[in-house]
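Taking our numbering, I'd label the letters of the sequence shown as residues 277 to 661.
No residue lacks a Cβ here, since even glycine has one placed at the ideal position from N, Cα and C.
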Amino acid sequence: MTSSPFLAVPGAVVAEGVDAGIVGHYGGPIVEQRKLERGEAIVDLSNRGVVSVTGPDRRSWLHSMASQALDRLQPGESAEALFLGASGRIEHAVHVIDDGETMWLIVEGAEAEPLAAWLDRMRFMLRVEVADRSSEFAVLGAMSVEALDAATPAFTPAGIALDWVDPWTALTPGGYQYAHEAGHPASAWRWIERIVPREALADAAAAVEAGRVAPAGSLAAEALRIAAWRPRLATEVDEKSIPHELDWLRSAVDLGKGCYRGQETVAKVLNLGKPPRRLVLLHLDGSDTVLPVAGDAVVGEKVRPEPEPGAEPERRPVGHITSSAMHHELGPIALAVVKRQVPPGLTLIVESHGIDVAAAQVEIVPADAGAAVDVPRLPRLGVRK
C-alpha cells in the first residue's frame, strides 16, 4: 500500500503498533475523540485490507464457511463474520457488505493476502472469484454518514454505497450476548466504514485541510471502541481465542445456521460449557501517568490464610492487556483477557513499564457465565434413592 495522504495533513503524527502507517493523532487526541463521537470527524483507515468476492455462488459459498448467515444478505446490508479453525479458534474476522454484484470484505491489513489465498483454495468448482483489492481500495471511518460525505462521495460501483455499518450497536438476530444487557455501552456506538478508491484519499485529505470535515486519528477511534467493549481481531485475538471469550457471539455468529468449520466448539461451549477466558474492561489508576500497552501482565493479589507479619500478598498472573486508551470521559481504560475463574471483585494490578497500575474490573463476559442449556444429570446405574 502507498503512503496515506493524511500523513501530510498539518499536525499529523504517525501511529504505532497495530495501526502503524496511518495517523495516530493530529495533536489533540482527546478533542478528536469528542469530534468523532459527535459525528464531525473522519478517521483514515487506509491500513485496512479489502477483499472482493464475485460470482453467482458468492453468498452461499461464504455462508457455508463463515460463522454468520450470509446467504440472504441483501444489497447494501452489513454483516460481521468470523472464520474459525477446526477447534473453534478465531482465524479471520471480516466486515461484510454486498452490492448485488460483489461481496466486499474489510479486514485488518495484514489479513487481506492470507485470507484471499485461503478463500481461493476453498473455491473448488463453485462460480466465485476472490481478489485482494487492497492496492485499489481504501477505507475511511466515521460515526456519521454526513462526515464521510463531507470528505468524499460514497463509492457505488453497482449503485449501492459501500458503507459498512457496524452491527455491534445491538444484539444481532441469531446471536447471543454474555454481557449483562442493562447499560451496555454499545448502544451509543455508531461506526461506519466506507470503501473508496484509493485515489479518493487525496480528496478526503484535501477536505480536511480545507476545513470541510474534522480529522481524528486512530487513537481517538480506539478509545471509543474500547469504551464500547468492541473486540478487534488485531488486538483482542490471540492463537487461543474463541468467540465466547470476547462476547463476539453478539454480532458475528448466527447460532441458527448450518454446519461450518468450528461450529461444534461454538455450540458446545455455549450450550454445555463455560468460556475458558473472558474479556473485561479495566478502569486504570492514572496517578503515575502510565498507560499500559498490549501484552502487559494483569495480576491478582491472593491473600494467604495466615500471612506472616510484613509479608506482601502473593501475586499470580491472571491475564494480559489487549488494548488501552485515554478516554475523554472515563480516563485511562483498557480491555484485557483474564482467566474465567478470576472473581469480579478481585483487586487487579497491571504491571507496566516497571510500575504497578491498580485496575478496577468491569465484567463484559461475566465470571459466572455458564451453559445456556440446563442439561439434567442422569442417575448412575445401581444407585438407590
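- Here DSSP, grouped into helix, strand and coil, assigns W380 to strand.
- Looking only at A543, V289, S600, the smallest Cα-Cα distance to G493 is reached by V289.
- Sequence-distant Cβ neighbours of S527 in its own chain, meaning closer than 7 Å and more than five residues away, are E356, P443, W444, T448, G451.
- One alpha carbon belongs to D439, the other to E384, and they sit about 17 Å apart.
- Per the Cβ contact rule, the segment 537-551 is not in contact with the segment 372-380 (fewer than 3 Cβ pairs under 8 Å).
- When rounded, the separation of the alpha-carbon atoms in P286 and A497 is 19 Å.
- The C-beta of G576 has 16 or more other C-beta atoms within 10 Å across all chains shown, which makes the residue buried.
- When DSSP assignments are scanned along the segment 378-412, the uninterrupted stretches of beta strand (DSSP E) that are 3 or more residues long and fall wholly within it turn out to be 378-383, 405-408.
- L611 is positioned such that its CB atom lies no closer than 7 Å to that of T623.
- As the crow flies, the alpha-carbon of V574 is around 34 Å from that of L416.
- The alpha carbon of W337 has as its nearest neighbour, out of R403, V370, E387, F282, the alpha carbon of R403.
- Shown here for V566: same chain residues with a beta carbon closer than 7 Å to its own, the five before and five after excluded, namely S628, H629, I631, V633 in chain order.
- Restricted to the segment 548-579, the beta strand (DSSP E) segments that are unbroken, complete and at least 3 residues in length are 553-560, 573-578, listed in chain order.
- Taking C-alpha positions only, P593 is separated from D564 by approximately 22 Å.
- For P351, the CB contacts under 7 Å within the same chain, skipping 5 residues up- and downstream, are D374, D375, G376, I436 in chain order.
- As DSSP reads the structure, G607 sits in a beta bridge with H603.
- Per the coordinates, the alpha-carbon of E308 lies some 25 Å from the alpha-carbon of G459.
- For T511, the enclosing alpha helix (DSSP H) covers residues 509-512.
- With 16 or more other Cβ atoms from the protein chains shown falling within 10 Å of its own Cβ, D572 counts as buried.
- Counting C-beta atoms within 10 angstroms of its own C-beta, Q617 has fewer than 16 neighbours from the protein chains shown and is therefore classed as exposed.
- Between L424 and A503, the gap from beta carbon to beta carbon reaches 7 Å or more.
- One Cα belongs to D408, the other to V513, and the distance between them is close to 22 Å.
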